[in-house]
Amino acid sequence: MKAAPSTAALFLLLLLLLAGCAAPADAKHPAAPAPSVSAAASAADPRIRGWAVRLRTAQNGELARLRPLLARMGLPDTNAHEGHDMPGMVTEHDLEQARAVEGRAFDRLFTALIRDHLRQSAQVSRSETESGTRPDAKRLATALVSARKAELTELDRLPGPSGVAG
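Using our numbering, you'd call the opening residue of the sequence shown number 92 and step up by one each time.
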């Protein structure tokens with residue numbers, strides 16, 4: 092019987108899944124640009140465009156830390172849950188909606204989608220900090236909790252449904 096995956100393995104796989112939702116399109120998924128990539132090009136408000144660029148840069152750095160940890164644990168660098176509708180995941184329907192709107196409507200949709208993504212990533216990371224056993228995974232999780240808190244705080248300052256700017 093195969094052993095159940097460790098909490099660190101589940102944490103890392105969920106992070107990879109969530110990161111995939113924000114990662115730029117690549118050779119494996121060329122038709123699905125990430126919300127942060129789309130926002131960097133499509134947002135009407137320059138503050139949202141700039142924030143999306145900073146978020147994409149930060150998440151690229153996180154992926155650079157995540158992938159070696161996956162390799163050390165012998166885990167695949169693939170999205171085992173592709174096509175599943177999970178909290179914080181941007182669905183194909185969401186991407187279709189994003190392609191169909193522009194201007195402030197795009198900005199509102201983007202900020203709502205990315206807020207859900209960031210909250211879910213923070214929740215998954217907090218679970219690892221509380222229940223994980225691998226020090227390297229817990230260090231990454233702790234860093235991600237802090238990053239998500241800062242990103243959500245900055246997002247709340249941007250124009251949108253719950254932002255204060257207008």
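Positions of the beta carbon are idealized from the N, C-alpha and C atoms, including for glycine.
Item: Nearest candidate by alpha-carbon position, reference residue 160, set 227, 218, 132, 193; Value: 227
Item: Segments of 4+ residues assigned as alpha helix (DSSP H) that fall wholly inside the segment 174-222; Value: 183-191, 195-222
Item: Short Cβ contact (7 angstroms threshold) for residue 192 with residue 200; Value: yes
Item: Which listed residue (234, 148, 197, 203) has its alpha carbon closest to that of residue 179; Value: 203
Item: Inter-stretch contact at 8 angstroms, needing at least 3 Cβ pairs: the segment 213-221 / the segment 233-242; Value: yes
Item: Residue 242 versus residue 146 - alpha carbon distance; Value: 8 angstroms
Item: Assigned secondary structure, residue 250 (DSSP; H/G/I helix, E/B strand, else coil); Value: coil
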